[in-house]
Amino acid sequence: MTLKKPQEYIDDLRAMSGDIDVYMFGEKVENYVDNPIIRPSINAMAMTYKLAQEPEYEDLMTEVSTLTGERVNRFTYLHQSQEDLIKKVKMLRLLGQKTGCCFQRCVGMDAVNALYNTTFEMDAKHNTDYHERFKKWLIDIQNQDLTVDGCMTDARGDRSKSPGQQPDPDAYLHVVEKREDGIVVRGCKLHQTGMINSHEILVMPNNSLKPGEEEWAVCFAIPLNTPGMIYVYGRQSCDTRKLEGGDIDIGNKYFGGQEVMTIFEDVFVPWDRVFMCGETDFTTMIVERFAGYHRQSYGGCKVGVGDNLIGCAKALADYQGVAKASGVKDKIVEMCHLNETLYACGIACSAEGRKTAAGNYLIDILLANICKQNVTRFPYEIARLGQDIAGGYFVTMPSEKDFNIPVVGELVKKYSSTSTEVPVEKRQRMLRLMENLTLGCAAVGYLTESMHGAGSPQAQRIMITRLIDLEHRKELAEKLCGVKENNDVDWE
Amino acid sequence: MKNLDKRPIKLRIKYCGGCNPVINRKQLVEEVLDCLKVSTPVELTQKHADIALVVCGCPTACVDLAKIRNHAEYLILVAGNYINHYQVPSDQMEKVICQLINEREEVKLNC
């Protein structure tokens, strides 16, 4: 069975949950699958399984594996063409539309594709066998349709110091012991999106490393329930609303994202699951390629969430009787323009992708960084325009319980109504969705993750500086104005 | 396989359109031909060739390789700073290409 059903995926998590140390609000969570704060993020991940089952989404959600010949979920697939890279972006937009949040599975797909081609080139240089180990592991992932959490960002301690200079070597995850049968690692990965919704963790180094920093140059995969793993669930704005029992004030009735502090407390990894161990000269490649793939992803997933936000603004304009105002119409056009520009960047870096030595395709790294740089800005402007159109009631409106109490509830409804044709509850729900997307739980994914996920804005600017050929552009200008001879013009 | 026989290597050179190059394509080809003058007789051709040297200005390599493959025994793909999908330092590009032309068996690599 290659394509898992959503219920089978949730059953997997339920079977694992007893073996996993998850903490939240100072307590160990015994059954995180049915916890009301965590469950929306599991639902979002389940949607990646659900849509793969549906004929009307099959073309985007699945592809035939080059490793097994079986049809697999695209989230476990190795991109074989520019068309595949484009379909990835379209798939992520679709899922953003369906869930209205970060659905968490792209990070594993991006890590898988980056490690596939990096291990191949590492083996060619160092005569190692990481690529074959990795392929074997990946075939298992594809055959079982497992979710992988790509895991990169370390705790990082003093940001002015490299891993080898940190007073606490655990500030970056590292190898503390090499044994005959494997390695032992210690450290912490922060901001791990979708971590406890995954079956497997695929770890990569945080940054470029230099000789002398071999112990931090490590890639490996482990199951989530490996002994020594500790997971501390991250808070989100308005998270405890999910404990209140209603279904209006949470904004998004079904779905949400998830970020987890992930601690590796002397965790053993057998050699057949180790895909880099000490090759500092390939740390730049793995970091740049993973970041590149992931920066491409944002040109799909955030656009899909943006589609929901635009829809929310349009609905509120309709419900509140301002849809015909030229200023409102123009703001919605601007929201669409910004959102489609992000999509265009995601498509562009895919269409300009290239084949790697391993055979799978890599996005255009420069354009992927341009894509992500825009993502650090445009969702904030789209959110600002959405809030502008919504008006201020989405942050001052009474709770849903106040709408239902005797006497006062009727007054709250009376003074919350707009048109007789629009039931108060419709407006109430839509305002809460605006709140959810722009400053509630989903804003973690739509705004702050847009800023810092896959690298903060300055990380992209560093890459743009490295990849753009300014001398070429200078020469173009010099030829035009006569500073340099222009041999192209050879006619009289 | 070293080019030990004296027959000139038939070399077909195909450029991409050159919209946004990160390398100087023309200069690279001139350097390769200069380098080959010393070791390897070369006959440039636009017809069927022993080797097609496809020179693209950036890693995207938008030239339609399918059209070229049928007209050459071996293919060397230069795509920005990548040769046959492996990154090569800028100052070694010409040397690596000449080496691949001289050892044609290696050129089969995954193009």
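If you read the sequences in order, they're chains A and B. According to the numbering used here, the stretch in the first sequence is residues -3 to 488, in order. According to the numbering used here, the stretch in the second sequence is residues 10 to 120, in order. Glycine is no exception: its CB is placed at the ideal position from the N, C-alpha and C atoms. Since this is a predicted model, take the numbers as computed values, not measurements.
query: Three-state secondary structure (DSSP) of GLU474/A; result: helix
query: Assigned secondary structure, ALA42/A (DSSP; H/G/I helix, E/B strand, else coil); result: helix
query: Any C-beta of chain A under 7 Å from that of PRO68/B; result: yes
query: Unbroken beta strand (DSSP E) run spanning TYR126/A, endpoints; result: From DSSP, TYR126/A is part of no beta strand (DSSP E) but of the alpha helix (DSSP H) over 126 to 140.
query: Neighbourhood of THR352/A by C-beta, 7 Å cutoff - its chain only, sequence neighbours within 5 removed; result: ASN113, LEU358
query: Beta-bridge partners of ARG182/A, as assigned by DSSP; result: HIS170/A
query: Below-7 Å beta-carbon distance, VAL31/B vs any chain A residue; result: yes
query: Member of LEU90/A, LYS0/A, MET331/A, VAL283/A whose CA lies at the smallest distance from the CA of ASN203/A; result: VAL283/A
query: Minimum Cβ-Cβ distance from TYR83/B to chain A less than 7 Å; result: no
query: Contacts that TYR95/B makes with chain A (C-beta to C-beta distance below 8 Å); result: GLU117, ALA120, ALA353
query: LYS480/A versus ILE328/A: straight-line alpha-carbon distance, rounded; result: 47 Å
query: Reduced DSSP secondary structure (H/G/I, E/B, other) of TYR83/B; result: strand
query: Classification of LEU220/A by the beta-carbon crowding that lies within 10 angstroms, buried from 16 upward; result: buried
query: Integer Cβ distance of VAL371/A from LEU338/A, believed to fall under 8 Å; result: 6 Å
query: Any chain A beta carbon closer than 7 Å to GLU115/B; result: Residue confidence for GLU115/B is low, a pLDDT of 49 falling below 50, so the modelled location carries little weight; the figure read from the coordinates is stated next. No, GLU115/B lies away from the interface with chain A (no Cβ there is under 7 Å from its Cβ).
query: Under the three-state DSSP convention, the category PHE116/A falls into; result: helix
query: Within-7 Å CB hit, ARG237/A to chain B; result: no
query: Every unbroken alpha helix (DSSP H) within the segment 376 to 435 of chain A, with a cutoff of 4 residues, ordered by chain; result: 389 to 392, 404 to 410, 420 to 434
query: Nearest residue (CA-CA) to MET272/A, options LEU429/A, TRP212/A, THR149/A; result: TRP212/A
query: Among ARG129/A, VAL18/A, LEU443/A, nearest to PHE116/A - alpha-carbon criterion; result: ARG129/A
query: Length of the line joining the Cα atoms of ALA319/A and LYS325/A; result: 7 Å
query: contact_flag[the segment 362 to 377 of chain A, the segment 392 to 408 of chain A] where n(CB pairs < 8 Å) is 3 or more; result: no
query: Residue-chain proximity (ASP465/A, chain B), Cβ-Cβ < 7 Å; result: yes
query: Segment contact flag, the segment 34 to 42 of chain A with the segment 239 to 258 of chain A, C-beta cutoff 8 Å, min 3 pairs; result: yes
query: Cβ neighbours of THR222/A in the same chain (closer than 7 Å, five flanking residues each side left out); result: VAL263
query: GLU40/B (DSSP reduced to helix, strand or coil); result: helix
query: CB of ILE6/A within 7 Å of CB of ASN193/A, strictly; result: no
query: Extent of the continuous alpha helix (DSSP H) run through ARG285/A; result: 279 to 315
query: Burial state of THR95/A, where buried means 16 or more other Cβ atoms lie within 10 Å; result: buried
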